[in-house]
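Residue 1 is where the sequence shown starts when you use our numbering, and the numbers rise one by one after that.
Quick reminder that beta carbons are idealized off the backbone N, C-alpha and C, glycines included.
First the structure, in the form of structure tokens, and then the observations on it.
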Amino acid sequence: MGAFGGLVMTNRGRNLQAKAQTGKPLNFTRIAMGDGQLSGSSILDLNSMRSEKKSLEINKLKNLGDGKVAIGAIFSNQTVTTGFYFREIGLFAMDPDIGEILYSYGNSGNNAEYIPARNGDEIIEKNIDLITVIGSAANVTATIDESLVVETQVGAQKKADAAKAEAIGFVKSFGLGDTVQAVERLSIGNDLNNLNATGFYSGTALVNAPDATSFFFVQHFKNSDNVAMQIASRGSADIVYIRRKQTTWSAWVPLATQDWVQSFGIGNKTPTIVSDLNDATTTGVYVFTNTTLNTPSANQYGTVLVTNRTADRISQLAFLISGGQIPKLYIRVFGSAGWGDWAIISDSGAPSWTNLPLQNGATSNPGYPVQYTKIGNEVRLRGMLNGTVAAGTVFGTLPVGYRPGAPYMYLTTHDGTTALSAKIHISASGVMTLLSKTGDTHVTYVNTDFIT
1 MGAFGGLVMT
11 NRGRNLQAKA
21 QTGKPLNFTR
31 IAMGDGQLSG
41 SSILDLNSMR
51 SEKKSLEINK
61 LKNLGDGKVA
71 IGAIFSNQTV
81 TTGFYFREIG
91 LFAMDPDIGE
101 ILYSYGNSGN
111 NAEYIPARNG
121 DEIIEKNIDL
131 ITVIGSAANV
141 TATIDESLVV
151 ETQVGAQKKA
161 DAAKAEAIGF
171 VKSFGLGDTV
181 QAVERLSIGN
191 DLNNLNATGF
201 YSGTALVNAP
211 DATSFFFVQH
221 FKNSDNVAMQ
231 IASRGSADIV
241 YIRRKQTTWS
251 AWVPLATQDW
261 VQSFGIGNKT
271 PTIVSDLNDA
281 TTTGVYVFTN
291 TTLNTPSANQ
301 YGTVLVTNRT
311 ADRISQLAFL
321 ISGGQIPKLY
331 IRVFGSAGWG
341 DWAIISDSGA
351 PSWTNLPLQN
361 GATSNPGYPV
371 QYTKIGNEVR
381 LRGMLNGTVA
391 AGTVFGTLPV
401 GYRPGAPYMY
411 LTTHDGTTAL
421 SAKIHISASG
431 VMTLLSKTGD
441 THVTYVNTDF
451 IT
């Protein structure tokens, strides 16, 4: 831009400036670039570019004082299809009486800069700033394309510094950093539902706190009037509560604490020994001894896991761990009618199998006697009937305590292949019948299990 040596105001520019001194508006409209030669023409008489190549939208207007303004635009060769010599530049303004005029003009003559057309991804951009005279005109404006406005380095740094200071102040307002910020103390009876601003609070006997009497530190986070969250910690205990608001506030929920986790026997805390399992109703892990009442089995030691969903929906899972005993697992539940009976659900010891007395000439396959056992209320059968046992044969009767609660019929196989099948029926009185089979020469598996 130094090659232009400054702009010269045209006659029409001087006339418009004189009008501006009387209060008429002085509105700059655009900046133009061209490659025209003056060829002896007077700048004072010009009202257009000699050979205009590019028109630029104004993106900056700054009053410099002393009757001068700076006007800026951004040039890019993105839309230049034919290169040209940047030899002339003009500033246009709107005369309220005759329309747009060439206000001031400059020409670099033989010192023109060549502007190439866009070549692939090569883009040339220039910030063009013009300084022109406006005198004492009071009403000076420019037609500015806001999409082209760019921040100066000085202006951007000022805004960055202001944002940094504001961010540091915001962080320090939470008591962070090197400035101690007192937590806002709420009066007795203040309602936590009415907190509005995000921040830290404290108080005693607060309405809608986790409890009505304790001292609490409270963090309030607000997203909108209908969406918020609060975290409360009791001043006298290591317990933290949380709740959220989506139009209305949810109930307070305690977060996991060390004591709560250790209540499940995790960590270095020994579970509580109870004297009566009927009294173990709070969720957690407990220990019982040979003197504890209402255990699954008398004179036994073990642990019990209690899960409390509501006052009348409680379950207990008990593990017998007496020395030298086979580990066993029991369960019972508490409902509106009180505690139910203990039921065994696992016995890790090898079950004791009993041979089933066979009837009506039925025999077992050698090495695979027909046997039964019981774990809890589950009856299990195993073994094979000899291939000579015919369809329709009643081959045995289960004793009382090992019979199904209702007639039970199941499909089984011959020789371990699903291609050959048999059907066995067990009545509620324990009578076992081989109803059908696909071949008389094949052994029949009796393996099954059912609930008594």
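Cβ-based neighbour list, residue i, same chain, cut-off 8 Å, excluding 5 preceding and 5 following
i               : result
threonine 393   : Asn360, Gly361, Ala362, Thr433, Leu434
phenylalanine 4 : Ile89, Gly106, Asn107, Ser108
isoleucine 451  : Asn377, Glu378, Val379, Pro404, Gly405
proline 399     : Gly430
valine 8        : Ile43, Leu44, Ser104, Tyr105, Gly106
Outcome for residue i when other beta-carbon atoms lying within 10 angstroms are tallied against a minimum of 16
i              : result
proline 455    : As displayed, the chain neither begins before 1 nor continues past 452, which places residue 455 out of reach and without an answer.
serine 147     : Below a pLDDT of 50, predicted positions are generally treated as unreliable, and serine 147, at 48, falls in that range; no measurement from the model is reported.
proline 210    : buried
alanine 228    : buried
asparagine 107 : buried
leucine 44     : exposed
glutamine 21   : exposed
glutamate 88   : buried
alanine 212    : exposed
proline 296    : buried
asparagine 194 : exposed
asparagine 27  : buried
arginine 313   : exposed
alanine 280    : buried
arginine 12    : buried
leucine 320    : buried
leucine 255    : exposed
serine 328     : This sequence places lysine at residue 328; serine is not what is there. So lysine 328 counts as buried.
leucine 358    : buried
serine 41      : exposed
serine 364     : buried
Candidates the options, of which the one nearest residue i by Cα
i                : options                        : result
arginine 382     : Val389, Lys374, Gly34          : Lys374
arginine 14      : Asn278, Gly106, Leu102         : Leu102
alanine 205      : Lys423, Glu88, Val218          : Val218
valine 379       : Asn386, Leu385, Gln371         : Gln371
tyrosine 445     : Ser427, Gly401, Val400, Pro369 : Pro369
proline 25       : Glu100, Met33, Val140, Val8    : Val140
threonine 248    : Thr441, Asn226, Ser236, Leu7   : Asn226
serine 421       : Gln37, Tyr402, Ala428, Ser436  : Ser436
alanine 311      : Leu293, Thr282, Glu113, Ile345 : Thr282
serine 48        : Leu91, Thr82, Leu56            : Leu91
histidine 220    : Leu186, Gly340, Ala167         : Leu186
asparagine 127   : Asn190, Gly189, Leu56          : Leu56
glycine 401      : Tyr201, Leu7, Phe28, Ala428    : Ala428
arginine 118     : Ala298, Asn196, Ser76, Asn365  : Ser76
arginine 30      : Leu38, Ile123, Asp129          : Asp129
asparagine 355   : Met384, Glu125, Lys328, Trp342 : Met384
alanine 237      : Gln246, Ser214, Val253         : Ser214
glycine 340      : Thr272, Asn294, Lys245         : Asn294
serine 51        : Ile188, Ala251, Gln37, Thr79   : Gln37
phenylalanine 84 : Lys62, Gly235, Asp35           : Asp35
aspartate 461    : His442, Ala337, Thr412, Arg244 : Only positions 1 to 452 of the chain appear in this structure, which leaves residue 461 out of reach.
serine 202       : Asn196, Gly189, Val183         : Val183
glycine 284      : Ala298, Arg309, Asn290         : Arg309
serine 39        : Pro407, Asn110, Pro254         : Asn110
alanine 112      : Ile131, Phe86, Glu125, Thr388  : Phe86
Residues near residue i by beta carbon distance below 7 Å, same chain, minus five either side
i              : result
valine 431     : Val394, Thr397
glycine 67     : Val133, Ile134, Gly135, Ser136
leucine 192    : Leu206, Val207, Asn208, Ala209, Val218, Gln230
leucine 46     : Thr10, Leu102, Tyr105
threonine 82   : Ala117
isoleucine 123 : Ser76, Asn77, Gln78
threonine 292  : Val274, Ser275, Asp276, Leu277
lysine 423     : Met409, Leu411, Leu435, Ser436
Same chain, Cβ closer than 6 Å to residue i, neighbours up to 5 away in sequence not counted
i              : result
valine 150     : Only weak support exists for where valine 150 lies, its pLDDT of 47 falling under 50; the coordinates are left without a value.
methionine 409 : His425
leucine 317    : Leu305, Ile331
lysine 222     : Thr198, Ala228
serine 233     : Phe217, Val240
serine 315     : Thr307, Val333
lysine 54      : Met33
valine 287     : Pro271, Ile273, Thr303
tryptophan 252 : Pro210, Tyr241, Arg243
asparagine 63  : Val69
tryptophan 342 : Pro296, Tyr330, Arg332
- Any 3 or more C-beta pairs closer than 8 Å across the stretch 92 to 101 and the stretch 8 to 24: Using a Cβ-Cβ distance cut-off of 8 Å, the stretch 92 to 101 and the stretch 8 to 24 are in contact, since at least three pairs of beta carbons, one from each stretch, lie closer than that value.
### Query
Where are the alpha helix (DSSP H) runs, 4 residues long or more, that stay fully inside the stretch 362 to 420, in chain order?
Taking 4 residues as the shortest admissible run, the stretch 362 to 420 contains no complete alpha helix (DSSP H) segment at all.
Query - Continuous beta strand (DSSP E) assignments of at least 3 residues falling wholly in the stretch 179 to 223 - result: Qualifying beta strand (DSSP E) stretches, in chain order: 199 to 204.
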